[in-house]
Structures are given as structure tokens and as C-alpha cells.
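To start, the structure under review is shown below, and the notes come after it.
Number of protein chains: 2
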Amino acid sequence: MQLIHAPASPFARKVRVMAHETGLLSRMQLLDTAVLPTSLNAQVNALNPLGKVPVLLTDNGEALFDSRVICEYLDSLHDKPPLYPVDAPARWRSLRLAAVADGLLDAALLVRYERAVRPTEQQWDAWVDGQTGKIQRALLTLEAQAGDLQGTLDIAQITVACALGYLDFRFAELDWRSAAPALAAFHAVFATRDSMRLTAPV
Amino acid sequence: MQLIHAPASPFARKVRVMAHETGLLSRMQLLDTAVLPTSLNAQVNALNPLGKVPVLLTDNGEALFDSRVICEYLDSLHDKPPLYPVDAPARWRSLRLAAVADGLLDAALLVRYERAVRPTEQQWDAWVDGQTGKIQRALLTLEAQAGDLQGTLDIAQITVACALGYLDFRFAELDWRSAAPALAAFHAVFATRDSMRLTAPV
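See the structure below:
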């Protein structure tokens, strides 16, 4: 398999953490690239018309995306306990928490594009405020449900950890730990896993 | 169950089409609302910190989102043939096509917010061009794989049909049919289903 990824992409990090945790990393060749919504990346576009990473090229030569589809696909390839719980209610609790963290990341990337890519004169504070509100409410929701991030490793823990890692990487000024002490305690432990240490953005 | 939705939301439409097709609509109360990234909707935010629709309140009082999680949850509640294929390779083909259509919609909504919500002076043509490129490449990818949209009803067909319906609703000037005749033929038939007719945005 080949994973087309960008070292700074939190969605690509999710996939790399999955690959580490499931023992699939040795079967995966990592190909670095960089994407931006406002510039064409012909290599990525040829595999994913949405122009986003991660993209997984399977051994059958099929291109899979987005990160959720790839993570679920990887989960079908190993014999360890599944990272997507199979049965209700664990499955829906896990998918819901992962959706909160994925949504937090969507909002964070939109803020990042607004502040770091868009020309200053075209930036719109109401947009940034609206997306930042999503990030902050998502943090409070995750904080309230931090108890569900314990127990057997699952896609919720991985997604939440990658989301918090992205806030550390790009939104240090948000100081998310001060409003989310239980999440901070979760992250302090989770971030010591090899899968997280070896995929940290620099 | 209660579904918090907006009549114009293509992601909410996906869920409503699923509910029709799986016979679950009679168990679902529909609650209309409207959301925008730049304005607070306290009712929605209380259920989904991301401030987006659709949100499904289950009979257990649990709030599920986003549309993918809801659609998969609904698929677990009925006894008809599953709309998420269970086995490879059908499952990955279906999830991949649905991801193309979901990504097309993400790009289309970003263009919509840029052109219809953001003040004119803060609009950035390069952003609109970049997102429009994603829409157009996604259309060509779906066109090339329109053959996979035949056969047993699945989440790919539903997602693609809702995406094309949204282009008709908000992007008529894109004239997507001229570049995608096979998709146009698919949509012409699929749009006659009760589930589609009864959920068309107005």
C-alpha cells in the first residue's frame, strides 16, 4: 500500500496512527506531499478529485479516501481487536465522538486557511469567530465525555488525540487545556504512545 | 426518533432519503431549522457542538451526527438489504464513491458561503476557483464511474443523487449535465424515486 500524506495534516496523521497501532505500517509506503485548496497538486488530483490528503493506494491499485474510509479499510486488514467497535452502543458512541473531533478539525482547518492563506483584506472576522465557536464547543463536548475515551483503543481516542495535537501545533494561543482538564489528562497519556510520538507534526 | 434538519441541506436530504428507502420515516419526527456558520443556533448547538444539521435524536435520547454516522445508524435499524454493502470490494467501492459526492458537497457549500453569505469585499476568487475545481473534478470522477451507480440501491447512489440535486438547486449555472451525460442519465431515473421527489429542496 502507498499512503499519500502531508506531515502537517491531522487527517493524514489519524491514518498513520491507525497504521502504527494495527501493525500495518510495515506494509505501507509513505509518500509526502503538500496540498492547499487554492493550488493544484496534479499528483494528488489524479488519485483524489477533491485534491486532499490522505489518499491510500491499495495493493489492488485502488485509491481510497477520505481519512474515515481509509481508517475503516485499514481496520478490516488486521487481526487485532477492531478499532471500530462492531456492536451498538459502543459503535455509535465511538463514531459520534470521532465525528466531533473530525468536525473540530474541519473548523480548525478553515480558520487556518482564513488566517494563513487568504489575503488579509479578504479575511472575514465573523467567519473565523463562527468556526472558532465550533472548535470551542467541540472541546467542551469532548471534555464532558472524556470518560468515554478510556478503555480499549478505538477510533474515537485516535481522532480526538490527533485533533488535540493539531490544536497544539497550529492553535497554541487557544490554550485548550485550561478549559478541558480531563481531555488534557487523556492527551498527556495518549501522546506518549509510539504511534503518536512518531507522527507528531514538526 | 427526531431528525433536526434544514430543507435546503443536501446532507440532511441524504438522511431523509435513507429514512424513506429503509421504511424508517414513520418512526422519525422531522424538525426544521436553519444553520449558518456565522450565526448561532442554540437549539442545534445544544445537540451538536459543530452547529450543523442533520442531527438525529435517537429513541435513547442520544444525539447522533454527522450525516454519515446517522446514515450508518439508520442502516442498522431495518431489515431490508443494507444500503452500506457489508463485504469487500463492494463496501469500499460504495464508500469511496460516497466520499467523492460528500466532498463535492463540502466544496459546493464553501462556494455557497463565499458567494451568498460573505460580504462582497471579503470574497476571494482564488478560493472559489479552488473549490469549483474540486466540484468539477469530482463530477468527472463520478461520470467515469457511473457504471458503479447501477445495481442494488446503496449509500453511493443516494449520496451522488443528493449531490447532483444540490448542484441543480444552487449551481444551475454550472450546467453539470453537459460534462457528465452518464451521471445525467443516472440522475434522471433516480430523481423519480419517491424518496427523492419528497425531499427535493424548494
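Protein sequences, first through last, are from chains G and B.
Okay, so the first sequence: first residue is 17 according to the working numbering, each after it adds one.
Okay, so the second sequence: first residue is 17 according to the working numbering, each after it adds one.
For glycine and all other residues, C-beta sits at the position ideal for the given N, C-alpha and C.
The structure presented is a predicted model; accordingly, all values stated were derived computationally and were not measured.
Kindly list the residues whose CB is nearer than 8 Å to the CB of residue i, restricted to its own chain and excluding five residues on each side of it in sequence; keep chain order.
i	result
Q139 (chain B)	E130, R131
N57 (chain G)	T49, A50, V51, G67
V127 (chain G)	V144, Q147, T148, I151, F187
L47 (chain G)	Q18, L19, I20, H21
Taking Cβ-Cβ distances shorter than 9 Å, what residues in chain B pair up with residue i?
i	result
L111 (chain G)	L80, R84, V85, E88, Y89
V69 (chain G)	Within chain B, no residue comes near V69 (chain G); the closest Cβ sits about 12 Å away, beyond 9 Å.
A8 (chain G)	In the structure displayed, chain G extends from 17 to 218; residue 8 (chain G) sits before or after that span and is not available.
W192 (chain G)	In chain order: nothing, as chain B lies at least about 14 Å away.
Strictly by DSSP, which residues pair up with residue i?
i	result
H21 (chain B)	B:D48
L113 (chain G)	Answer is none; L113 (chain G) lacks a bridge partner.
S55 (chain B)	B:L52
Cutting at 7 Å between CB atoms, please list the residues of its own chain near residue i, excluding the five before and the five after it.
i	result
T175 (chain G)	K30, A114, A117, D118
V33 (chain G)	I174, C178, S211, M212, T215
A198 (chain B)	E159, A162
I171 (chain G)	C87, L99, Y100, S110, A114
Below 9 Å on C-beta distance, what does residue i contact in chain G?
i	result
G77 (chain B)	Chain G residues near G77 (chain B): none, gap ~12 Å exceeds 9 Å.
V116 (chain B)	N64, P65, L66, F81
A154 (chain B)	P65, L66
A104 (chain B)	Y89, S92
Once the 5 residues before and after residue i are set aside, which same chain residues still bring their CB inside 6 Å of it?
i	result
L63 (chain G)	V71, A79
A179 (chain G)	A117, L120, L121
V69 (chain G)	I20, H21, A22, S25, A28, V51
A123 (chain B)	Q147, K150, I151
H36 (chain G)	S211
S55 (chain G)	none
Could you tell me if the beta carbon of residue i falls within a distance shorter than 6 Å of some heavy atom in the ligand PLP?
i	result
A172 (chain G)	Questions concerning the ligand PLP fall outside what the structure shown contains, since it holds no ligand whatsoever.
Identify the contact partners of residue i in chain G, using a Cβ-Cβ distance below 7 Å as the criterion.
i	result
G146 (chain B)	P53, T54
Using a C-beta to C-beta distance shorter than 8 Å, which residues of chain G count as neighbours of residue i?
i	result
R134 (chain B)	W140, W143
List, in order along the chain, the chain B residues whose C-beta lies closer than 7 Å to that of residue i?
i	result
N61 (chain G)	R153
T157 (chain G)	P65
Exercise for the section: Pick out the complete beta strand (DSSP E) segments inside the region 59–95 of chain B, 3 residues or longer, and give them in chain order. Expected result: 71–73
Practice task
Quick one: which unbroken beta strand (DSSP E) runs of 3-plus residues sit fully inside the region 123–167 of chain B? Chain order, please.
Solution key: none
Problem - Length-filtered (3 minimum) beta strand (DSSP E) runs lying within the region 176–211 of chain B - result: none
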